[in-house]
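First up is the structure itself, then whatever we jot down about it.
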Amino acid sequence: MTSTLTHRQKMLTFAGILLAMFLGSLDQTIVSTALPRIVADLHGLDRFTWVATAYLVASTALVPIYGKLSDMYSRRTIEVTAVSIFLVGSMLCGLAGEFGSLPVLGDGMNQLVIFRAIQGLGGAGLFAMAFIIIADLFAPAERGRYQGFTGAVFGTSSVLGPLLGGFLTDKGTGLIPGVAGWRLVFYVNLPLGLIALWFIITQMPPLRPRTAPKPFDFVSAVLLITGLGPLVVALQLNKAVYAWTAPLTLGLLGTAVAALGLFVVRSLRHENPILNFSLFKNPVFRAANGALFLMGGAFLGVIIFEPLFMVNVLGESATRAGISLIPMSLGVVTGSMLAGQMVSRFGHYKRWMLSGIMLLLIGLSLLATMPPTAQYHQVLIYLAMCGLGLGPTMPLYTLAVQNATEPQLMGQATSASQFSRQIGGAIAASALGTVLTLTLARNLPAPAGWPAAQQTVVAEGPTLASAAATTGPNPVVRAAFSKAISRVYFFNIFLVVGGFILTLFIPELPLRKSNEGPPVGAE
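If you read the sequence shown in my numbering, its first letter stands for residue 1, the second for the next number, and so on.
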């Protein structure tokens, strides 16, 4: 395995998977900036939300499957496959609509939605495989310092994505003759992805499983995708149009519950399940994944609703609202790398988790009590505190799970951690959006000067923020949004408190100095 690798081989492999992960995380932010121009060119305003939803559904549903496949086959093969699918999807997205309406695929907007789903099929592997391969390259005692770089990659991409997306969309037309600037948002993945592939193919060892693989359970895979797909779509639906009790929402949720229930039943009976439920007997796995579920919700709860406060309460432009998230991203980078280095040097990962959560609670409390007269720089300070607090959650919960897991289940355990964070974020974002909508409905009456058409899309942050940035918030809107967003952050505090309590129950095991197996007490 990796004991025979030189330090140079490990570093080059590490560079390749970080670059691949950077592509996936950059794609999540760079496309949102270009969406208004894309929608205008492809005439698809009625389907613009599906561009993001298609990617989210595919990238969420495939995470557990990538984890299982990585336990059965060569990690290098799975990583190369994921990057290749992502690059093919990126190229197809850039070509969407170039040749007009196509048979089966339909017009350019339909093509983009389908191609974004293909991109998501590869994107799921970019995140899951990064943490799995890092676990192969480095023993837990030194792994923290390297996993800390994953948080830095995520934070850096969240800053560069909107800036690069805006630049390519506005200034990129003409850089390649005949190619619209927004298409470069997808094409920019190709050279970076090819470099990542070169590193992975030429420098990464095969990293094959220790035992011969058993047949893959395709029925469970279908059940998992059938359950997670409708669940994510139901969560992403605009609840101002499709309420929780709407037939479509209930139908999607019912399908998800039925399919996921069958998935659990089959997994408990199958000899080679996609997710081995014996992992839940491990107290570290149980508590850490529960905490990740809540902390993933807390993270999205901050970044989704803070721009609404900037635009609709403080009256800032959409550009300045986007820039205001940079301190939080830098805080995540700093907190992630610092925590990873400290754990590798001194051990005791639990104290860094708890310290980070405490700092996050202070930052959230300050955000929740902001008056409508808050200053721009005050909000930046509060966001930086939240980022510093969230930073340690990126590498350390995954490290704790990996340290307590048998090597043959490493892929499943690691991907479960990534999945817990993603699905927690999706559920929390939808629930907190409902809190926002209901609070606004009580405090923002229709005759108060806010157009009814905008009220119907109150849950769509970018749409509403753009409208407010054009007209400026009136006193009624300002007061209503201040109260609604304060309430959102108040509920977000409960998520973080829940994460803190679950973290207290994570047994702190000694960090292993090899990859041979979990320490005593892991079960």
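Backbone N, C-alpha and C define an ideal beta-carbon position, used for all residues, glycine too.
Per the Cβ contact rule, the segment 93-106 is in contact with the segment 114-133 (3 or more Cβ pairs under 8 Å). The three-state secondary structure of Ile176, taken from DSSP, is strand. Sequence-distant partners of Thr29 (beyond 5 residues in either direction) whose C-beta falls short of 6 Å from its own C-beta, in its chain, are Ser158, Gly161 and Pro162. Residue pairing by DSSP places Leu504 opposite no residue, since no beta bridge is assigned to it.
With 16 or more other Cβ atoms inside 10 Å of its own Cβ, Arg75 counts as buried. Annotation: the segment 15-74 contains the following complete segments of the alpha helix (DSSP H) (minimum length 4 residues), in chain order: 48-61 and 63-72. Leaving aside the five residues that flank Ser101 on each side, the residues in its chain whose CB is nearer than 8 Å to its CB run, in chain order, Asp107 and Gly108.
Around the beta carbon of Gln375, a 10 Å sphere encloses fewer than 16 other beta carbons of the protein chains shown; the residue is thus reported as exposed. Of the other Cβ atoms in all chains shown, 16 or more fall within 10 Å of the Cβ of Glu306; this residue is therefore buried.
Cβ-Cβ distances below 6 Å link Val313 to Pro372, Arg478, Phe481 and Ser482 in the same chain, with the five nearest sequence neighbours on each side left out; the list follows chain order.
The beta carbon of Gln412 sits closer than 8 Å to those of Pro64, Gly67, Lys68, Asp71, Ile274, Leu275, Asn276 and Leu279, all from its chain and outside the five residues before and after it, given in chain order.
Looking at the DSSP output, Gly106 sits in a beta bridge with Leu102. Ala52 and Ala429 have their C-alpha atoms some 14 Å from each other. Bounds of the alpha helix (DSSP H) holding His377 are Tyr376 to Leu390.
Judged by pairs of C-beta atoms under 8 Å, the segment 142-159 touches the segment 342-360, as three or more such pairs exist. Exposed is the label assigned to Pro213, since fewer than 16 other Cβ atoms lie within 10 Å of its Cβ. Between Gly297 and Gly335 the beta-carbon gap is near 18 Å, outside 8 Å, which marks them as no contact.
Counting only runs of 4 or more residues that sit fully inside the segment 310-381, the alpha helix (DSSP H) segments are 318-323, 326-346 and 349-368, in chain order. Taking C-beta atoms under 8 Å as the contact rule, Val57 and Val233 qualify, at a distance of about 6 Å. As the crow flies, the alpha-carbon of His270 is around 19 Å from that of Met410.
Counted as a single uninterrupted DSSP element, the alpha helix (DSSP H) harbouring Gln418 occupies residues Met410 to Asn443. Secondary structure note for Glu142: its alpha helix (DSSP H) is the uninterrupted segment Pro140 to Lys171. With fewer than 16 other Cβ atoms inside 10 Å of its own Cβ, Arg210 counts as exposed. Following the DSSP letters along the chain, one finds Trp198 inside the alpha helix (DSSP H) bounded by residues Asn189 to Gln203. Between Met310 and Phe505, the alpha-carbon positions lie close to 37 Å from each other. Excluding its 5 nearest sequence neighbours in each direction, Ala256 has C-beta neighbours in its own chain below 6 Å: Gly227, Pro230 and Leu231, listed in chain order. In this structure Ile357 touches Gly499 by the C-beta definition: roughly 6 Å separates them, less than 8 Å. By the criterion of a C-beta distance shorter than 7 Å, Asp170 is surrounded in its chain by Gly181, once the five residues flanking it on both sides are discounted. By the criterion of at least three beta-carbon pairs nearer than 8 Å, the segment 196-210 is in contact with the segment 5-21.
Annotated three-state conformation of Val302 is helix, per DSSP.
Rounded to the nearest whole angstrom, the C-alpha separation of Leu359 and Gly389 is 5 Å.
In this structure, the CA atom of Ala287 is about 24 Å from the CA atom of Phe149. For Leu511 against Pro140, the beta-carbon gap comes to about 4 Å, under 8 Å, which counts as contact. Under a 10 Å Cβ-count criterion, Ile132 is classified as buried, with 16 or more other Cβ atoms of the shown protein chains found around its own Cβ.
The beta carbon of Asp41 is closer than 8 Å to those of Gly97, Gly108, Ala180 and Trp182 in its chain, skipping five residues each way along the sequence. For Pro230, the enclosing alpha helix (DSSP H) stretches over residues Phe218 to Gln236.
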